[in-house]
Amino acid sequence: MASTPGAQQEGASPPPDKKQLEAQAKELVAQGKALEQQGRLPEAKDKYLDAEGVFSTREALGGLKRIHDAREEKIGSLLTQARDSFEVGKFSDRAQQLEGVEFKIIPGQPVPLRFREKL
1 MASTPGAQQE GASPPPDKKQ LEAQAKELVA QGKALEQQGR LPEAKDKYLD AEGVFSTREA
61 LGGLKRIHDA REEKIGSLLT QARDSFEVGK FSDRAQQLEG VEFKIIPGQP VPLRFREKL
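Read left to right, the sequence shown gives residues 1 to 119 (our numbering).
As structure tokens, then:
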């Protein structure tokens, strides 16, 4: 017996409804918040992104914004410290700290405006 396109196959579960998707996203956001509070920002970001992939919520977007802002603040602070160390001749101290940051200065590429004042 041929099945018609779009018909559910026998034994297949129906797709989740809106409430189920919201509940799943809410659980992922809760996990993201817990990770964020522990300072585990990369993992928290992943949970917020997973939540957004399931069902878009203000809470997940807010979490992503907080993580983005924290990262930007950390980068700016490290760049300022690096500049200050460079000015007093402590080159290797800050170079080591900057190596672990996801922000990279690439020769020939412009530095984002928000960080230029820090250099």
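Quick reminder that beta carbons are idealized off the backbone N, C-alpha and C, glycines included.
C-alpha of F55 to C-alpha of L41: approximately 21 Å in a straight line.
Taking a cut-off of 8 Å for Cβ pairs, the stretch 28-47 and the stretch 64-73 touch, as three or more such pairs fall below it. In the DSSP assignment, R58 falls within the unbroken alpha helix (DSSP H) covering 58-87. DSSP places A12 in no alpha helix (DSSP H); its state is neither H nor E. Counting along the chain, Q20 sits inside the alpha helix (DSSP H) bounded by residues 18-37. Of the candidates I75, A30, Q81, the residue whose Cα lies closest to the Cα of G62 is A30.
By the neighbour-count criterion, in which 16 or more other beta carbons inside 10 Å mark a residue as buried, G32 falls on the buried side.
In its chain, beyond the 5 residues on either side, A25, L28, V29, G32, T57, A60 have a beta carbon closer than 7 Å to the beta carbon of A51.
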